[in-house]
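Each step along the sequence shown adds one to the number in this note's numbering, with nothing skipped, and position 92 is 92. Here a beta-carbon is modelled for each residue, glycine too, at the ideal position from N, C-alpha and C. In this text, all values refer to a predicted model and were calculated from it rather than measured experimentally. Structure first, then comments.
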Amino acid sequence: MREGLKKLAVALAFGAVSSGAIAAQDGPLHPSTSAGNFDVTLVNAAGVRIWGLQDIVFDTQGASANQTSTVDICVFSNGASGATEVQYKIDAATSSATLSNGASPATELDYRVEFADADNAFVDLITGGSVQAQVSNQNAGTLASQPDPTLACTSDQNAQLRVSVLGTDIGTAGQGVYTGNVVLTVTPQ
């Protein structure tokens, strides 16, 4: 146990040295002088991040009812500082705008992917078997209100994705597992 703690202490010490200063250091209480230090970092570039995405699985159990799933996600952009300023745009890319069962010949199934920021209604990214135009004028909120881009997306979500498949399309599709992959790209604006 003691040997494990020593190894941990050494690893932490080397990690602190290799990454620069650990953090701001306060000066000690001293009769004549006391000195402390802190780091200053300036990021002079637009930055954007999308995270908190989740795989979506629908199990129809043979029924042909509409399937819909909505996921709260996080988007960060430092492209503007006001709550109503345009801060980012989003677009979707996919190898196929339909879900495929991978059979030969493949059966395809339309699905819909929608996106909404905190202030706007849902807009289509993928629908009717085609990828829609890029969605501009999305707002992540003020810097103070946005989720921290260095943390997990467990709170302060400021956007939503909604994926749906119509029951009428499911009812006419053959049995099987239908899959697709969507890549979402956010860009500072």
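Test: residue i CB closer than 9 Å to a CB of chain B
{"i": "residue 75", "result": "No chain B appears in this structure, which consists of one protein chain only."}
Delimiting residues of the beta strand (DSSP E) encompassing residue i
{"i": "residue 127", "result": "123–127"}
{"i": "residue 65", "result": "Taken as a continuous stretch (DSSP letters only), residue 65 belongs to no beta strand (DSSP E), as it is neither H nor E."}
{"i": "residue 182", "result": "182–188"}
{"i": "residue 91", "result": "88–94"}
Enclosing alpha helix (DSSP H) for residue i [first to last residue]
{"i": "residue 169", "result": "167–172"}
Rounded separation between residue i and residue j - CA only
{"i": "residue 39", "j": "residue 91", "result": "37 Å"}
{"i": "residue 167", "j": "residue 65", "result": "4 Å"}
{"i": "residue 102", "j": "residue 180", "result": "10 Å"}
{"i": "residue 57", "j": "residue 23", "result": "43 Å"}
{"i": "residue 70", "j": "residue 174", "result": "25 Å"}
{"i": "residue 178", "j": "residue 161", "result": "19 Å"}
{"i": "residue 183", "j": "residue 41", "result": "32 Å"}
{"i": "residue 186", "j": "residue 76", "result": "9 Å"}
{"i": "residue 134", "j": "residue 163", "result": "17 Å"}
{"i": "residue 106", "j": "residue 113", "result": "21 Å"}
{"i": "residue 27", "j": "residue 89", "result": "46 Å"}
{"i": "residue 97", "j": "residue 55", "result": "16 Å"}
{"i": "residue 152", "j": "residue 44", "result": "24 Å"}
{"i": "residue 47", "j": "residue 136", "result": "16 Å"}
{"i": "residue 108", "j": "residue 99", "result": "5 Å"}
{"i": "residue 144", "j": "residue 172", "result": "48 Å"}
{"i": "residue 36", "j": "residue 25", "result": "5 Å"}
Per DSSP, cross-strand counterpart(s) of residue i
{"i": "residue 77", "result": "48"}
{"i": "residue 25", "result": "37"}
{"i": "residue 177", "result": "Beta-bridge pairing links residue 177 to no other residue."}
Rounded Cβ spacing between residue i and residue j (contact assumed at less than 8 Å)
{"i": "residue 73", "j": "residue 146", "result": "With a Cβ gap of about 12 Å, residue 73 and residue 146 do not count as contacting."}
{"i": "residue 110", "j": "residue 128", "result": "6 Å"}
{"i": "residue 188", "j": "residue 79", "result": "4 Å"}
{"i": "residue 126", "j": "residue 94", "result": "7 Å"}
Ordered list of beta strand (DSSP E) runs contained in the stretch 98–163, each at least 3 residues: The qualifying runs are 98–100, 108–110, 112–117, 123–127, 135–138.
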